[in-house]
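Inspection log for the structure reproduced underneath, given as structure tokens.
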Amino acid sequence: KWSRPNGSYYEGDFVQGLPSGHGKLVSERGVAYEGGFLAGMAHGTGHMTFPDTDNWVSYEGGVKDGAFDGPGVLVMKEGRLEATFLHGHADGDSTFTPARGGAPIKGKWIAGRYQWPAADNVVFTGSIDANGRRDGYGWCRAGASAKIESCRYKDDRKIALDADIDD
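When you read off a place in the sequence shown, starting at 1, and then add 1, the result is the number in the working numbering.
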């Protein structure tokens with residue numbers, strides 16, 4: 002076991018002085034990962050908990066070079082996402098179950114953002130809220146247009162498009 006003055010620690014297998022094999026790593030903020038390690042990095046399969054984040058609660062699944070990678074389940078305050086992950090982001094087919102009930106939403110994620118099927122004649126790639134509705138900043142494409150613009154949704158309604166957005 003090794004520990005640091007800031008409270009973070011690792012306990013588990015070592016190979017040539019680096020975490021390798023099975024182990025548990027806890028950060029100074031209390032984020033914990035238990036699972037596979039390779040050459041000092043979380044790698045293989047494992048379970049993570051995020052006690053002090055605004056959004057994430059836990060993750061279980063594939064990990065590569067310290068990032069979510071492969072099949073996994075990410076539990077967030079907004080709901081539960083079963084997906085394939087790539088470089089830390091949901092990417093590909095998925096099922097999202099909203100935290101506040103409602104039917105699971107099956108669809109596709111691209112680099113961590115959900116791609117909504119055409120609704121109100123707009124394809125939206127962005128965030129989902131706890132009720133399973135479009136919410137937050139993303140990208141919109143209207144109808145058959147190839148033009149993609151930044152946009153914002155609140156409670157499943159588009160409230161801003163492109164130049165109307167103030168960050």
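Built from N, CA and C at the ideal position, the CB exists for glycine as well.
Euclidean distance between Cα positions of residue i and residue j
i	j	result
Ser-4	Lys-25	12 Å
Gly-113	His-90	4 Å
Pro-72	Gly-8	31 Å
Phe-97	Met-42	28 Å
Gly-18	Gly-133	46 Å
Ile-129	Glu-79	7 Å
Arg-158	Pro-52	31 Å
Opposing strand residues paired with residue i [DSSP bridges]
i	result
Asp-94	Lys-109
Gln-116	Lys-109, Thr-126
Ala-68	Lys-65
Ala-43	Phe-38
His-23	Gly-37
Beta carbon of residue i nearer than 7 Å to that of residue j
i	j	result
Glu-61	His-44	no
Val-124	Arg-101	no
Val-58	Val-76	yes
Thr-50	Ala-33	yes
Leu-39	Ser-28	no
Spatial neighbours of residue i in its chain, beta-carbon cut-off 8 Å, leaving aside the 5 residues before and after
i	result
Ile-111	Asp-92, Thr-126
Neighbourhood of residue i by C-beta, 6 Å cutoff - its chain only, sequence neighbours within 5 removed
i	result
Lys-107	Thr-96
Pro-105	Thr-96, Thr-98
Tyr-154	Arg-135, Asp-136
Close beta carbons around residue i, own chain, < 7 Å, minus the five adjacent residues each side
i	result
Glu-12	Lys-2, Gly-24, Lys-25
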